[in-house]
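Using my numbering, the first residue of the sequence shown is number 56, and each one after it goes up by one. C-beta atoms are modelled at their ideal positions from N, C-alpha and C, and glycine is treated no differently. Computed from a predicted model, the values in this text were never measured in an experiment. To start, the structure under review is shown below, and the notes come after it.
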Amino acid sequence: MIRISFNPGISFYQMKSKQQSLAILPDIPGLYGFIVFVTLFLFDGGKSLLDGDTFWHVKAGMTMLDQGSILTQDIFSHTVSGIPWTAHEWLAEVIMAALHRFGGLQGVALFFFFIAALSFWILFRIARHLTRDWLALLWVSTAFAFSMTHLLARPHIFSWLFGVCTLGLLVKGGRAKYFLPLLIALWANLHGGFILGLVLQGIFIAGAILDKVCLAGLSQWRNILHSQKHALIILFLSIVTSGLNPFGYHLLIFPFLVTKTIFTTGIGEWLAPDMQREIFFRYYLIAVIFLVSLPRLQINWTNRLLLVFWINASLAHGRYISMASVYLVPLLAQIGNQIVDRLPLKDRKASGNELRLSPYSGLIATVGLFLILFCSSIYQSPLRPLMAAVIPVKSEYHPVAAVNYLNSAPLAGKMFNKYGWGGYLIYALDPSQPVFIDGRADMYGEELFKEYRKVVAIDKDIDTILEKHDVSWVLYPSDTPLVRYLLAGNRWKQIYQDEEASVLLRNPILRP
Numbered sequence: 056m057i058r059i060s061f062n063p064g065i066s067f068y069q070m071k072s073k074q075q076s077l078a079i080l081p082d083i084p085g086l087y088g089f090i091v092f093v094t095l096f097l098f099d100g101g102k103s104l105l106d107g108d109t110f111w112h113v114k115a116g117m118t119m120l121d122q123g124s125i126l127t128q129d130i131f132s133h134t135v136s137g138i139p140w141t142a143h144e145w146l147a148e149v150i151m152a153a154l155h156r157f158g159g160l161q162g163v164a165l166f167f168f169f170i171a172a173l174s175f176w177i178l179f180r181i182a183r184h185l186t187r188d189w190l191a192l193l194w195v196s197t198a199f200a201f202s203m204t205h206l207l208a209r210p211h212i213f214s215w216l217f218g219v220c221t222l223g224l225l226v227k228g229g230r231a232k233y234f235l236p237l238l239i240a241l242w243a244n245l246h247g248g249f250i251l252g253l254v255l256q257g258i259f260i261a262g263a264i265l266d267k268v269c270l271a272g273l274s275q276w277r278n279i280l281h282s283q284k285h286a287l288i289i290l291f292l293s294i295v296t297s298g299l300n301p302f303g304y305h306l307l308i309f310p311f312l313v314t315k316t317i318f319t320t321g322i323g324e325w326l327a328p329d330m331q332r333e334i335f336f337r338y339y340l341i342a343v344i345f346l347v348s349l350p351r352l353q354i355n356w357t358n359r360l361l362l363v364f365w366i367n368a369s370l371a372h373g374r375y376i377s378m379a380s381v382y383l384v385p386l387l388a389q390i391g392n393q394i395v396d397r398l399p400l401k402d403r404k405a406s407g408n409e410l411r412l413s414p415y416s417g418l419i420a421t422v423g424l425f426l427i428l429f430c431s432s433i434y435q436s437p438l439r440p441l442m443a444a445v446i447p448v449k450s451e452y453h454p455v456a457a458v459n460y461l462n463s464a465p466l467a468g469k470m471f472n473k474y475g476w477g478g479y480l481i482y483a484l485d486p487s488q489p490v491f492i493d494g495r496a497d498m499y500g501e502e503l504f505k506e507y508r509k510v511v512a513i514d515k516d517i518d519t520i521l522e523k524h525d526v527s528w529v530l531y532p533s534d535t536p537l538v539r540y541l542l543a544g545n546r547w548k549q550i551y552q553d554e555e556a557s558v559l560l561r562n563p564i565l566r567p
């Protein structure tokens, strides 16, 4: 608690006036959320737009806005054109497209900076409810540090927001939990991560049951289950409301489509983390395990289950490292509080009149700054070039120059492209041209993904696969084994090259 000392030289009315004016100052969570937003904006440097999926999400949303209907089949590729497509992030894509119409890609990135800041504002409030401010700052900042590499302008950031909202409602308990079915219904239309909301509810129910079993024994199982009646009803209603989307309950099995071995071994974010490179996360896990192993700590079963769940998830797939650090904040906050309580130290108590801080002024300031920056990003704004410089689309991540060349001299026929570039090509090629593959791995299926990997690995079937899909030109990173292989013979010729990308054209006379 922050206090100010009392000065007897100040009159009562002066003091009252000062307190009223200072009441607009943000509390610590509000200030923290504001700092998160400013940090993401100032130090972005194009990192929020480095992932190719951002671009096809925007293009899909633009198409849905133009057509006035949700996409249900592929229209962006030549390899699986017309195949059914589960656009499970349709609402997020429409929002991204609407933002793009006014603020371009920079406006989209700013919006997700704001969603991320809002998420950490809520997370800080959860942690502050469980522990001291400085401990909350420590663990929330640790989570933010691990999250930086995954805070991209993509729909999964909605799952960060809805995930911490779910966590907050479950930690708070009581009637607050009745909002969960509504939360899940909206979440299911924004991102497939809504299943996490169901899992979290299940973990809290299982944890509460195990706590009561340890206290009362299995002989009281009827009473124990009855005590969770309302939580089970809420979970059931959440499962029901998750089907309130254009694709129904098919979305419940969607995560199993993208976690097949062929995808988890070929897509970077689904790979298991290299713990030799993830040195800070390794030390983080060691610290967490050390803390939970300290004697005489009271750790309930819910926190134990969360710990096991997130350690397993983060060791299986690197993309969950950031999420693990977020959802372990309540556990670490409570452990830290118990440890500090045992120390022969006393919290300093300030003297004087209390300075009242606003729990909402920080959020209002963040909203205001977001709106100012977004208005600076609109196409008519004189500040737009500055915004594009702060949040650029960098050529080291995307074939920007090669696409400019192709737009000036479009090629006929079908292309083969790098997996990570597919989304940018869908967005940037004008006139648009169907791609070989992009980030929608679940839609393309295992067979095509295997063929793509065979071509990249220069498998013995490479020529057969390219011929099968009638590929007449290739856009791929320069000076790679694939480009060198294709140029080694006389079937392909290079018509464009820069430091990032090469364009190769098939010699039609020398087809195999």
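Residue i: buried (16+ other C-beta within 10 angstroms of its C-beta) or exposed?
| i | result |
| --- | --- |
| Leu162 | Reading off the sequence shown, one finds Gly at residue 162, where the question assumed Leu. Buried, because 16 or more other Cβ atoms sit within 10 Å of the Cβ of Gly162. |
| Ser76 | Residue placement at Ser76 cannot be trusted, given a pLDDT of 48 that sits under 50; the coordinates are not used to answer. |
| Ala512 | exposed |
| Asn367 | exposed |
| Ala467 | exposed |
| Asp525 | exposed |
| Leu438 | exposed |
| Leu208 | For the sequence presented, residue 208 should be read as Ala rather than Leu. With 16 or more Cβ atoms within 10 Å of its Cβ, Ala208 is classed as buried. |
| His281 | exposed |
| Ala243 | buried |
| Ile212 | buried |
| Arg561 | buried |
| Cys220 | buried |
| Ser527 | buried |
| Ile550 | exposed |
| Thr204 | exposed |
| Gln569 | Because residue 569 is not part of the residues shown, which for the chain are 56 to 567, the question remains open. |
| Asn358 | buried |
| Asp129 | buried |
| Ser463 | exposed |
| Trp547 | buried |
| Asn545 | exposed |
| Pro139 | exposed |
| Phe249 | buried |
| Thr224 | Reading off the sequence shown, one finds Leu at residue 224, where the question assumed Thr. With 16 or more other Cβ atoms within 10 Å, it is buried. |
| His143 | buried |
Tell me whether the beta-carbon of residue i lies closer than 8 Å to the beta-carbon of residue j.
| i | j | result |
| --- | --- | --- |
| Leu165 | Leu216 | no |
| Leu530 | Met470 | yes |
| Pro84 | Ser413 | no |
| Ser202 | Ser432 | no |
| Leu105 | Ala115 | no |
| Leu251 | Gly218 | yes |
| Ala182 | Val384 | yes |
| Pro210 | Leu245 | yes |
| Gly373 | Trp111 | no |
| Val343 | Leu387 | yes |
| Gly55 | Leu360 | The structure shown has nothing for residue 55, since the chain only spans 56 to 567. |
Taking the alpha helix (DSSP H) that residue i belongs to, which residues open and close that run?
| i | result |
| --- | --- |
| Lys267 | 249-271 |
| Ile446 | Element bounds for Ile446: n/a, residue is neither H nor E. |
| Ser174 | 145-185 |
| Phe364 | 356-371 |
| Asn562 | Neither: Asn562 is in no alpha helix (DSSP H) and is coded neither H nor E. |
| Phe471 | That residue, Phe471, is in no alpha helix (DSSP H); its beta strand (DSSP E) goes 469-472. |
| Ala457 | 455-463 |
| His112 | 108-122 |
| Ile288 | 284-296 |
| Tyr499 | 496-511 |
| Trp242 | 235-242 |
Pull up the CB-CB distance for residue i and residue j, whole angstroms please, since I reckon it's below 8 Å.
| i | j | result |
| --- | --- | --- |
| Asn355 | Asp266 | 5 Å |
| Ser348 | Ile79 | About 45 Å; that fails the 8 Å criterion. |
| Ile446 | Gly101 | 7 Å |
| Ile239 | Ser293 | 4 Å |
| Ile279 | Val295 | Ile279 to Val295, Cβ: 25 Å. No contact. |
| Ala191 | Phe179 | 6 Å |
Name the two residues that bound the continuous beta strand (DSSP E) containing residue i.
| i | result |
| --- | --- |
| Tyr338 | It is not in any beta strand (DSSP E) - Tyr338 instead sits in the alpha helix (DSSP H) that spans 334-347. |
| Leu530 | 526-532 |
| Ala208 | Note, Ala208: premise wrong, no beta strand (DSSP E); not H, not E. |
| Tyr551 | 547-552 |
- Message: Between the stretch 76-95 and the stretch 142-161, can you find at least three pairs of beta-carbon atoms closer than 8 Å?
- Response: no
- Query: For the stretch 234-248 against the stretch 419-428, are there 3 or more C-beta pairs whose distance is under 8 Å?
  - Reply: no
- Item | Three-pair Cβ contact test at 8 Å for the stretch 251-271 versus the stretch 194-208 | no
- Would you say the stretch 488-499 touches the stretch 513-520, given that touching needs at least three Cβ pairs under 8 Å? no
- Would you check if there are 3 or more beta carbon pairs closer than 8 Å linking the stretch 130-137 to the stretch 484-493? yes
- Taking three-plus beta-carbon pairs below 8 Å as touching, is the stretch 478-486 in contact with the stretch 446-460? yes
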